[in-house]
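**Q** Questions regarding the structure given below will be posed in turn.
There are 2 protein chains.
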Amino acid sequence: MRKIRYQVACSLDGYIADVDGKTGWIVDEPSIDFGALFDQFDTLLMGRRTYEGLVKDADGFWGKTVYVFSKTLRQEEHPQVTVVSGNPQPMLNEMRSMSGKDIWLFGGGELFQSLLALGHVDTVEPAIIPVLLGGGRPLLPSPAIQQALTLTSHRVFPSGIIWLEYTIRKREEASA
Amino acid sequence: MRKIRYQVACSLDGYIADVDGKTGWIVDEPSIDFGALFDQFDTLLMGRRTYEGLVKDADGFWGKTVYVFSKTLRQEEHPQVTVVSGNPQPMLNEMRSMSGKDIWLFGGGELFQSLLALGHVDTVEPAIIPVLLGGGRPLLPSPAIQQALTLTSHRVFPSGIIWLEYTIRKREEASA
Numbered sequence: 001m002r003k004i005r006y007q008v009a010c011s012l013d014g015y016i017a018d019v020d021g022k023t024g025w026i027v028d029e030p031s032i033d034f035g036a037l038f039d040q041f042d043t044l045l046m047g048r049r050t051y052e053g054l055v056k057d058a059d060g061f062w063g064k065t066v067y068v069f070s071k072t073l074r075q076e077e078h079p080q081v082t083v084v085s086g087n088p089q090p091m092l093n094e095m096r097s098m099s100g101k102d103i104w105l106f107g108g109g110e111l112f113q114s115l116l117a118l119g120h121v122d123t124v125e126p127a128i129i130p131v132l133l134g135g136g137r138p139l140l141p142s143p144a145i146q147q148a149l150t151l152t153s154h155r156v157f158p159s160g161i162i163w164l165e166y167t168i169r170k171r172e173e174a175s176a
Numbered sequence: 001m002r003k004i005r006y007q008v009a010c011s012l013d014g015y016i017a018d019v020d021g022k023t024g025w026i027v028d029e030p031s032i033d034f035g036a037l038f039d040q041f042d043t044l045l046m047g048r049r050t051y052e053g054l055v056k057d058a059d060g061f062w063g064k065t066v067y068v069f070s071k072t073l074r075q076e077e078h079p080q081v082t083v084v085s086g087n088p089q090p091m092l093n094e095m096r097s098m099s100g101k102d103i104w105l106f107g108g109g110e111l112f113q114s115l116l117a118l119g120h121v122d123t124v125e126p127a128i129i130p131v132l133l134g135g136g137r138p139l140l141p142s143p144a145i146q147q148a149l150t151l152t153s154h155r156v157f158p159s160g161i162i163w164l165e166y167t168i169r170k171r172e173e174a175s176a
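Sequences listed follow chains A and B, in order.
The opening residue of the first sequence carries number 1 in my numbering; numbering runs sequentially from there.
The opening residue of the second sequence carries number 1 in my numbering; numbering runs sequentially from there.
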């Protein structure tokens, strides 16, 4: 079963973008091997806003297969991606049962919220940037159900970034 | 110069209390020596709401000197604490120049926001609890000025709590 992993840069106070939707506060970290990072995934899942922010910059989405969750985008106008506009449950079940690399839940927070509620997120992997933003786009928008996590790894970088990995605890585990 | 340290338990998504103001989601961690922790401080700073939440439970505030920041509390009704209702700047300058242990910015987020804006916070020390709350009382309420931090230490506990320590970067440092 392929994993769906929410890997994202996040401020200490829990925002993935500032109030203007920008990410210029993400500090450089030369020791992160982004090639190796990207190579763990062959598929990206993203919301419409994240997709529209990327289209200008991303060069063919680094060769990954991209699914964009949106009720408004028209598939025929976005042939380079697959637009998911209906109930994502059957598609996610099928995608996860196919062979392949892990699946990157690329953002934003609203998509995380939806897939978490559907039980389709395996890990949360925030790279905590050493900054307080005091507002912006949240890691997990409200309202959401309280979700227990298990810390599985942490890495500290010279820039002060601390990269955490958690698995989502299933409800029966969490209440045990 | 005594330090003012914002030491607080926080969810991964940046909340210090859930939507009901509760902290029952803070997991137990027997290996934390709370005696040694409390012994680092002789003075607590807190907002009115935090104070009112504590009055019912705290037994004499563990022998600490307590300052409550509030424009509505009447000093004569709260003889066990010092109510700070005016401009806190002179009082903070004086307190920090006196000899003594470190000063615990006990919460909540609004007081942190105020003292941060005044340049009177030295460190932010969140114990990140392995949980997503999806809403609640923020570590740092909006709006706030973006604040760069320097990671100075991290400790990982068996429960999955990760306790981070950051110093507040001065403006000139942050822009250097």
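All C-beta atoms in this analysis are idealised placements derived from N, C-alpha and C, irrespective of residue type, glycine included.
Owing to the predicted nature of the structure, the values given are computational and were not obtained by experimental measurement.
Indicate whether at least one CB of chain A lies closer than 8 angstroms to the CB of residue 162 of chain B.
**A** With 8 angstroms as the cut-off, residue 162 of chain B counts as an interface residue toward chain A.
**Q** Using DSSP with H/G/I as helix, E/B as strand and the rest coil, what is residue 97 of chain A?
**A** Residue state, collapsed to three classes: helix.
**Q** How far does the beta strand (DSSP E) with residue 5 of chain B in it extend, from its first residue to its last?
**A** That run of the beta strand (DSSP E) goes 4 to 11.
**Q** Could you tell me which of B:74, B:142 and B:4 sits nearest to residue 85 of chain B, measuring between CA atoms?
**A** Here the closest residue by C-alpha is B:74.
**Q** Our contact map puts residue 163 of chain A next to residue 155 of chain A with C-beta atoms below 8 angstroms; I'd like the distance itself, whole angstroms only.
**A** Confirmed, about 5 angstroms.
**Q** What does residue 25 of chain A reach in chain B if we use C-beta pairs closer than 9 angstroms?
**A** Chain B residues near residue 25 of chain A: 146 and 148.
**Q** Grouping DSSP H, G and I as helix and E and B as strand, with all else coil, what is residue 62 of chain A?
**A** Three-state result, residue 62 of chain A: helix.
**Q** Pull up the DSSP beta-bridge partners for residue 46 of chain A, would you.
**A** BP columns for residue 46 of chain A point to A:68 and A:107.
**Q** Can you look up residue 51 of chain A in the DSSP assignment and give me helix, strand or coil?
**A** Helix, per DSSP.
**Q** Using only the alpha-carbon positions, how far apart do residue 82 of chain B and residue 51 of chain B sit?
**A** If I take the Cα positions, the gap works out to 11 angstroms.
**Q** Find the residues of chain A that neighbour residue 156 of chain B, judging by a C-beta separation of less than 8 angstroms, and give them in chain order.
**A** Here the neighbours are 151 and 154.
**Q** Between the alpha carbons of residue 110 of chain A and residue 27 of chain B, how many angstroms are there, rounded?
**A** Rounded to whole angstroms, residue 110 of chain A to residue 27 of chain B spans 27 angstroms at the Cα level.
**Q** Say whether chain A places a C-beta atom closer than 8 angstroms to the C-beta of residue 201 of chain B.
**A** Residue 201 of chain B lies beyond the stretch modelled for chain B, which goes from 1 to 176, so this question has no answer here.
**Q** Between which two residues does the alpha helix (DSSP H) holding residue 37 of chain A run?
**A** Note, residue 37 of chain A: alpha helix (DSSP H), 34 to 38.
**Q** Grab me the residues of residue 1 of chain A's own chain with a C-beta within less than 7 angstroms of its C-beta, minus the 5 sequence neighbours each way, in chain order.
**A** Hits under 7 angstroms: 96 and 97.
**Q** Pick helix, strand or coil for residue 165 of chain A, following the three-state DSSP scheme.
**A** Residue 165 of chain A: strand per DSSP, three-state reduction.
**Q** For the 8 angstroms Cβ check, are there 3 or more pairs between the segment 115 to 126 of chain A and the segment 19 to 34 of chain A?
**A** Too few Cβ pairs lie closer than 8 angstroms, so no.
**Q** What's the C-alpha gap between residue 145 of chain A and residue 24 of chain B?
**A** Those two C-alpha atoms are separated by around 15 angstroms.
**Q** If I follow the unbroken beta strand (DSSP E) through residue 147 of chain A, where does it start and stop?
**A** Per DSSP, residue 147 of chain A belongs to the beta strand (DSSP E) from 147 to 156.
**Q** In angstroms, rounded to a whole number, what distance separates the CA positions of residue 136 of chain B and residue 15 of chain B?
**A** For residue 136 of chain B and residue 15 of chain B, the distance between alpha carbons rounds to 6 angstroms.
**Q** Please compile the residues from chain B whose C-beta is within a distance smaller than 8 angstroms of the C-beta of residue 131 of chain A.
**A** Correct list: 146, 147, 148 and 149.
**Q** Within 8 angstroms (strictly less), CB to CB, does residue 79 of chain A reach chain B?
**A** Taking Cβ atoms only, chain B never reaches closer than 8 angstroms to residue 79 of chain A, which makes this a no.
**Q** Is there a Cβ from chain A that is less than 8 angstroms from the Cβ of residue 126 of chain B?
**A** Yes, residue 126 of chain B counts as interfacial toward chain A.
**Q** With a threshold of 8 angstroms between beta-carbons, can residue 12 of chain A be considered close to chain B, or not?
**A** Interface residue, yes.
**Q** Give me the DSSP bridge partner(s) of residue 17 of chain B.
**A** Note: residue 17 of chain B sits in a beta bridge opposite B:137.
**Q** Across the segment 7 to 14 of chain A and the segment 61 to 78 of chain A, are there enough close Cβ pairs to call them in contact, namely three or more that are closer than 8 angstroms?
**A** The segment 7 to 14 of chain A vs the segment 61 to 78 of chain A: no contact.
**Q** Taking residue 26 of chain A as part of the beta strand (DSSP E), name the residues at either end of that continuous run.
**A** Careful: residue 26 of chain A lies outside any beta strand (DSSP E) and carries neither H nor E.
**Q** Note the first and the last residue of the continuous beta strand (DSSP E) segment covering residue 127 of chain B.
**A** Here the beta strand (DSSP E) through residue 127 of chain B covers 123 to 129.
**Q** Which of the three DSSP states, helix, strand or coil, is assigned to residue 118 of chain B?
**A** In this structure, residue 118 of chain B counts as coil in the three-state DSSP scheme.
**Q** Can you list, in chain order, the residues of its chain with a C-beta nearer than 6 angstroms to that of residue 151 of chain A? Leave out the 5 residues immediately preceding and following it.
**A** Same-chain partners within the cutoff: 166.
**Q** Check each candidate in A:159, A:29 and A:64 and name the one with the smallest Cα separation from residue 104 of chain A.
**A** It is A:64.
**Q** Along the chain, where does the beta strand (DSSP E) that runs through residue 83 of chain B open and close?
**A** Its beta strand (DSSP E) spans residues 82 to 84.
**Q** May I have the straight-line CA-CA distance separating residue 6 of chain B from residue 29 of chain A, to the nearest angstrom?
**A** One C-alpha to the other measures close to 27 angstroms.
**Q** At a Cβ threshold of 8 angstroms, is residue 140 of chain A touching chain B?
**A** It does; some Cβ of chain B falls within 8 angstroms.
**Q** Should residue 89 of chain B go down as buried or exposed, given a rule of 16 or more other Cβ atoms within 10 Å for buried?
**A** Result: exposed.
**Q** Where does residue 159 of chain A fall in DSSP's three states?
**A** The answer is coil: DSSP assigns residue 159 of chain A none of H, G, I, E or B.
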